[in-house]
Amino acid sequence: MKRQKERRERNFRILEFKQNTFDIIGDVHGCYDELIALVKQLGYVPKDGIYVHPEGRRLISVGDVSDKGPQNVACLRFWIAQVAFGGAFWVHGNHCNKLYRYFLGNRVHLSHGLEKTVQEIEALSKEQRNALRAEYMRCYESQCYYLLLDQRRLAVVHGGLREESMGKFNGQIRATCLYGEATGDTDAQGRPIRRNWAESYHGTTFVVYGHTVEEEAHFLGQTVDIDQGCVYGGFLTALRYPEKELVQVKAKQVYCPSDRYFAHGDQTKSK
440 MKRQKERRER
450 NFRILEFKQN
460 TFDIIGDVHG
470 CYDELIALVK
480 QLGYVPKDGI
490 YVHPEGRRLI
500 SVGDVSDKGP
510 QNVACLRFWI
520 AQVAFGGAFW
530 VHGNHCNKLY
540 RYFLGNRVHL
550 SHGLEKTVQE
560 IEALSKEQRN
570 ALRAEYMRCY
580 ESQCYYLLLD
590 QRRLAVVHGG
600 LREESMGKFN
610 GQIRATCLYG
620 EATGDTDAQG
630 RPIRRNWAES
640 YHGTTFVVYG
650 HTVEEEAHFL
660 GQTVDIDQGC
670 VYGGFLTALR
680 YPEKELVQVK
690 AKQVYCPSDR
700 YFAHGDQTKS
710 K
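Every number in our numbering is 439 more than the matching position in the sequence shown, counting from 1.
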């Protein structure tokens, strides 16, 4: 039976655990080898098809697991399994949302790396394609746009989240969660110019996010951007919480060449 074209998305979740210890991983974009290397470096070990930490820590993805890199399906399967059986979380990124809309049957442009993911999916058998679609849809719909954790001391989001938006949701908050904040202007290529929302963030909740590629993960007030452009030859970064320690793995190679990143000293771009 063909799935109805409807959305069953969760907005946000406020969760509390006895042990609020997390390892938050930045934008993977299909870099599976680096993902596994980072997870192992964080102390997780394989067990029954998932990775578990001997001290009970949990993995969280800031989104954009697939697209652009060399092993997109493997990355999707990793996070699907971690969410289903490993107690992990995976907030929606703009690329995650686009794949969701593709699986819904909506018309989306196969561009910005999605074409690579779709090519891998199409290479699977029909049974494998159907199983992956069902698993992804179920996983995506179980997750949300942002998480508030540890008595609201920690927020995890893909693009950005202002203090006054926490615990709320509307169309504008959704857009900021996925893409960050737009200035209303566009660059020479017609791409929207994003403002650095973190510069004006003065909340007490510590916000961990990705989406905007920065050469180095630096702490700005109570925020940190952990997208260091692994797929562009940078690093895959994890933030250990509550320690606020950074753990990184260098990309094995440049998987997606781009003159938008790490060139001419211009090290901060969104995608």
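Yeah, the Cβ is synthetic: ideal placement off N, Cα and C, and Gly gets one too.
On the CB-based measure, 16 or more other CB atoms within 10 Å of its CB, does A570 come out buried or exposed?
exposed
So is A702 buried or exposed if we call it buried at 16+ other beta carbons inside 10 Å?
Per-residue confidence for A702 stands at a pLDDT of 48, beneath the threshold of 50, marking its modelled position as unreliable; the derived number appears in the next sentence. That one is exposed.
Taking the alpha helix (DSSP H) that R540 falls in, what are its first and last residues?
N533 to L543
Of all the alpha helix (DSSP H) runs that stay within the bounds of the stretch 487 to 524, which reach a length of 4 or more residues?
511 to 524
Since Q521 and G469 should fall inside the 8 Å C-beta cutoff, what is the C-beta to C-beta distance between them, to a whole number of angstroms?
Contact flag wrong, Cβ pair sits at about 16 Å.
Tell me the rounded alpha-carbon separation between H548 and R540.
11 Å
For R452, report the span of its alpha helix (DSSP H) as first-last.
Looking at the DSSP string, R452 is not in any alpha helix (DSSP H); the run it does join, the beta strand (DSSP E), is F451 to I453.
Backbone CA spacing between L586 and V663 [nearest angstrom]:
15 Å
Answer yes or no: do C583 and A523 have a C-beta to C-beta separation smaller than 9 Å?
no
Check each candidate in F517, G488, F456 and E494 and name the one with the smallest Cα separation from E473.
F517
Under 8 Å: do the stretch 549 to 561 and the stretch 495 to 508 share three or more Cβ pairs, one atom per stretch?
yes
Where do the ends of the beta strand (DSSP E) carrying Y648 lie?
F645 to Y648
Following the continuous beta strand (DSSP E) through R613, name the residue where it begins and the one where it ends.
Careful: R613 lies outside any beta strand (DSSP E), inside the alpha helix (DSSP H) at G610 to Y618.
Span of the alpha helix (DSSP H), counted from its first residue to its last, around D664:
D664 -> not in any alpha helix (DSSP H); beta strand (DSSP E) instead, spanning T662 to D664.
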